[in-house]
Every structure is written in C-alpha cells, then in structure tokens.
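Numbering of the sequence shown is given in our numbering, commencing with residue 782 and proceeding in unit increments.
These notes concern the structure reproduced below.
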Amino acid sequence: MLALYEVVLDLDGQLLSYRRTRRYSRGAGYSVGGQS
782 MLALYEVVLD LDGQLLSYRR TRRYSRGAGY SVGGQS
C-alpha cells in the first residue's frame with residue numbers, strides 16, 4: 782500500500798499538520814483521469 786500525503790509546514794519548516802490525499806495498491810499507477 783502506498784499513499785500520497787499533503788503537509789502543512791510553518792515558516793521554520795516544522796510540521797503543523799498532514800492528511801492522506803490518495804491511497805493506492807503497490808503496482809497501480811496514478812492517471813490524470815483519476816482512474817488507476
């Protein structure tokens with residue numbers, strides 16, 4: 782299982798928050814149309 786995360790950093794580069802934006806099985810690619 783692989784995932785894509787969106788992170789929010791402060792001006793010093795410290796992590797403020799994160800959330801998983803996409804999850805997909807290993808070997809499955811990402812396509813522009815949103816279908817793997």
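Where is the CB? At the ideal position from N, CA and C, for every residue including glycine.
### Task
Please report the residue range of the beta strand (DSSP E) in which S798 lies.
Segment L796 to Y805, the beta strand (DSSP E) holding S798.
### Message
Using C-beta distances below 8 angstroms, list every residue in its chain close to Y799, excluding the 5 sequence neighbours before and after it, in chain order.
### Response
Cβ within range, chain order: Y786, E787, V788 and V789.
### Task
Tell me whether L792 sits in a helix, a strand or coil according to DSSP, three-state version.
Looking at L792 - three-state DSSP - the assignment turns out to be coil, as it is neither helix nor strand.
### Task
Could you check the C-alpha separation between S806 and A784 for me, to the nearest Å?
Distance between the alpha carbons of S806 and A784 is about 9 angstroms.
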